[in-house]
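Mapping to our numbering: the sequence shown position 317 is 400, numbers consecutive.
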Amino acid sequence: MSKKQDFDALFHSDPLNRTLFRPILMHFAARYIGATYAQFASDYRTLVRANIECMDAFQTDMVGLISDPYRETSAFGARITFLDEAVPKCEDILIRSKDDIKALANPDVYKAERTRDRIHGAELFQKQLKGGVPIIGWIEGPLAEACDLAGVSEVLMQLMMDPDFVCMLMDKCLMTARAFAKAQIEAGCDVIGIGDAICSQIDQATYDQFVRDRHAELVRFIQDQGARVKLHICGDITHLLPSIKTVAPDICDLDWQVDPDHAAEMLGPDIARCGNINPVSIQNESPQTLYVKARDLIKKEENRAFILSGGCEISVNTPHEHVSALSNACTSGAV
Numbered sequence: 084m085s086k087k088q089d090f091d092a093l094f095h096s097d098p099l100n101r102t103l104f105r106p107i108l109m110h111f112a113a114r115y116i117g118a119t120y121a122q123f124a125s126d127y128r129t130l131v132r133a134n135i136e137c138m139d140a141f142q143t144d145m146v147g148l149i150s151d152p153y154r155e156t157s158a159f160g161a162r163i164t165f166l167d168e169a170v171p172k173c174e175d176i177l178i179r180s181k182d183d184i185k186a187l188a189n190p191d192v193y194k195a196e197r198t199r200d201r202i203h204g205a206e207l208f209q210k211q212l213k214g215g216v217p218i219i220g221w222i223e224g225p226l227a228e229a230c231d232l233a234g235v236s237e238v239l240m241q242l243m244m245d246p247d248f249v250c251m252l253m254d255k256c257l258m259t260a261r262a263f264a265k266a267q268i269e270a271g272c273d274v275i276g277i278g279d280a281i282c283s284q285i286d287q288a289t290y291d292q293f294v295r296d297r298h299a300e301l302v303r304f305i306q307d308q309g310a311r312v313k314l315h316i317c318g319d320i321t322h323l324l325p326s327i328k329t330v331a332p333d334i335c336d337l338d339w340q341v342d343p344d345h346a347a348e349m350l351g352p353d354i355a356r357c358g359n360i361n362p363v364s365i366q367n368e369s370p371q372t373l374y375v376k377a378r379d380l381i382k383k384e385e386n387r388a389f390i391l392s393g394g395c396e397i398s399v400n401t402p403h404e405h406v407s408a409l410s411n412a413c414t415s416g417a418v
């Protein structure tokens with residue numbers, strides 16, 4: 084079976100003789116091929132090459148277009164500075180008032196440089212992998228993109244003081260998120276990741292009132308385009324799990340603070356879980372210790388829809404043999 088067939092089987096309760104493996108690889112992947120983070124984030128050819136070489140070296144089961152949070156922000160008009168060994172930096176706060184939101188034009192994702200670059204990445208993945216490997220596209224969730232445009236502190240404050248401001252901005256962001264997701268799906272993506280990390284910093288009531296329905300709408304839109312959805316919220320989302328179940332993504336990423344058994348109980352059997360070994364442990368502990376941790380987690384997830392990963396991105400200084408230990412744990416047969 085191809086990696087794509089194995090991935091599809093995960094959602095049809097078809098038994099696999101191994102666990103799927105998909106760590107989030109960005110700066111690590113760039114360093115692996117001798118490129119800078121700036122090259123990885125700014126040139127789709129570098130990103131595609133890094134993903135494919137890491138897939139071959141570490142037997143990952145998917146490739147991805149994730150690179151940084153500022154693709155859509157750049158398309159909206161913000162200046163982005165690329166840093167050789169750090170995440171790109173956003174230089175502008177574009178939104179300071181409701182008038183700014185009203186004046187903000189939704190970009191053409193096919194013409195804006197950074198969104199177009201990601202679309203080209205999906206096309207190149209398809210050309211090189213010929214449909215045999217799941218390709219994960221990426222968009223920013225509505226609250227995260229609102230924070231990128233107006234600033235994290237301002238958005239969180241306005242959720243309490245002037246929620247209409249945040250809702251107006253999130254709705255503007257949703258328009259671009261839908262367009263960007265659709266473009267990546269048409270270019271060949273099988274999955275769209277939605278990154279909305281800031282949601283772990285709000286309580287369930289706030290999430291339910293302002294974000295949940297927008298997430299659900301975006302998830303349904305992507306699924307209606309024929310792709311699956313991977314929801315990624317860094318940090319402890321234990322309090323959000325009942326709400327995320329109603330959002331109904333196909334995959335929910337779990338950071339290391341979330342108990343896998345509790346997540347399985349809260350999310351139910353129809354949402355696959357991806358995670359959740361602490362990236363600090365992956366960087367610092369021995370390959371032998373990591374192998375045992377991974378095997379213990381795989382045992383815990385037996386007969387559940389599960390993808391092994393770190394709780395979040397694999398750090399750039401993680402030794403290669405540590406990632407290999409996780410990969411080896413996925414192919415060791417029955418626990």
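Note that CB positions come from ideal geometry on N, CA and C, so glycine has one too.
Three or more beta-carbon pairs separated by less than 8 Å link the segment 227-245 to the segment 166-185, which places the two stretches in contact. PHE111 is not a Cβ neighbour of VAL363, given a cutoff of 7 Å. Residue state for GLU396 is assigned as coil, using DSSP reduced to three classes.
Scanning the segment 152-203 from its first residue to its last, the whole beta strand (DSSP E) runs of 3-plus residues come out as 163-166 and 169-173. Taking all protein chains in view, the Cβ of PRO325 is surrounded by fewer than 16 other Cβ atoms within 10 Å, so the residue is classified as exposed. Per DSSP, ILE327 is not a residue of any beta strand (DSSP E); the alpha helix (DSSP H) it occupies stretches across 324-330.
The Cβ-Cβ distance between PRO106 and GLY309 does not fall below 7 Å.
In this structure ALA347 is in contact with ARG387, their Cβ atoms being roughly 6 Å apart against a cut-off of 8 Å.
For PHE304, the closest C-alpha among the options GLN287, LYS210, LEU257 and PHE248 is that of LEU257. Where ARG356 is concerned, the enclosing beta strand (DSSP E) starts and stops at 355-360. Runs of the beta strand (DSSP E) spanning 3 or more residues and lying entirely within the segment 263-306 occur at 274-278, in chain order. Scanning ASN100, SER96, ASP139 and PHE104 for the CA closest to the CA of TYR115 turns up ASP139. Boundaries for LYS313: no alpha helix (DSSP H) harbours it, while the beta strand (DSSP E) harbouring it runs 311-315, taken from the DSSP string. Minimum Cα-Cα distance from VAL131 among the listed residues GLU223, ASP167, ARG197 and GLN209 corresponds to GLN209. If you look at GLU404, you'll find it isn't in any beta strand (DSSP E); it sits in the alpha helix (DSSP H) that goes 403-413. For PHE104, the three-state secondary structure derived from DSSP is strand. As computed with DSSP, LEU391 is found in a beta bridge with PHE104 and GLY358. Where GLU348 is concerned, the enclosing alpha helix (DSSP H) starts and stops at 343-350.
Following the DSSP letters along the chain, one finds ASP144 in no beta strand (DSSP E), marked with neither H nor E. It is roughly 6 Å from the alpha-carbon of ALA205 to the alpha-carbon of CYS272. HIS405 is classed as buried because its beta carbon has at least 16 other beta carbons within 10 Å across all chains shown. Residue pairing by DSSP places CYS335 opposite LEU314 and ARG356 in a beta bridge. Rounded to whole angstroms, the gap between the alpha carbons of SER283 and LEU391 is 21 Å. Secondary structure note for GLU228: its alpha helix (DSSP H) is the uninterrupted segment 225-233.
When only Cα atoms are considered, ARG128 and MET244 end up about 44 Å apart. With respect to LEU314, PRO332 sits close: the two C-beta atoms are nearer than 7 Å. The Cβ neighbour count for HIS322, taken over all protein chains shown within 10 Å, is under 16; the residue is labelled exposed. Each residue's CA atom was taken as its position, placing ARG356 and GLU300 some 20 Å apart. At a Cβ-Cβ threshold of 7 Å, ASP91 and LEU99 do not count as neighbours.
For GLN371, the number of other beta carbons within 10 angstroms of its own is below 16, and it is reported as exposed.
Nearest C-alpha to PHE165 among GLU155, ALA188 and ASP151: ASP151.
DSSP places ILE116 in the coil class of the three-state scheme, outside both helix and strand. Beta-bridge analysis with DSSP links ILE219 to GLY147 and VAL274. Relative to the Cα of GLN340, the nearest Cα in the group THR329, ILE334, PRO352 and ASP319 belongs to ASP319. Put simply, of VAL192, GLY214 and PRO246 the residue whose alpha carbon is nearest the alpha carbon of ILE222 is VAL192.
The shortest C-alpha to C-alpha distance from GLN211 to any of ILE135, GLY117 and LYS265 is the one to ILE135.
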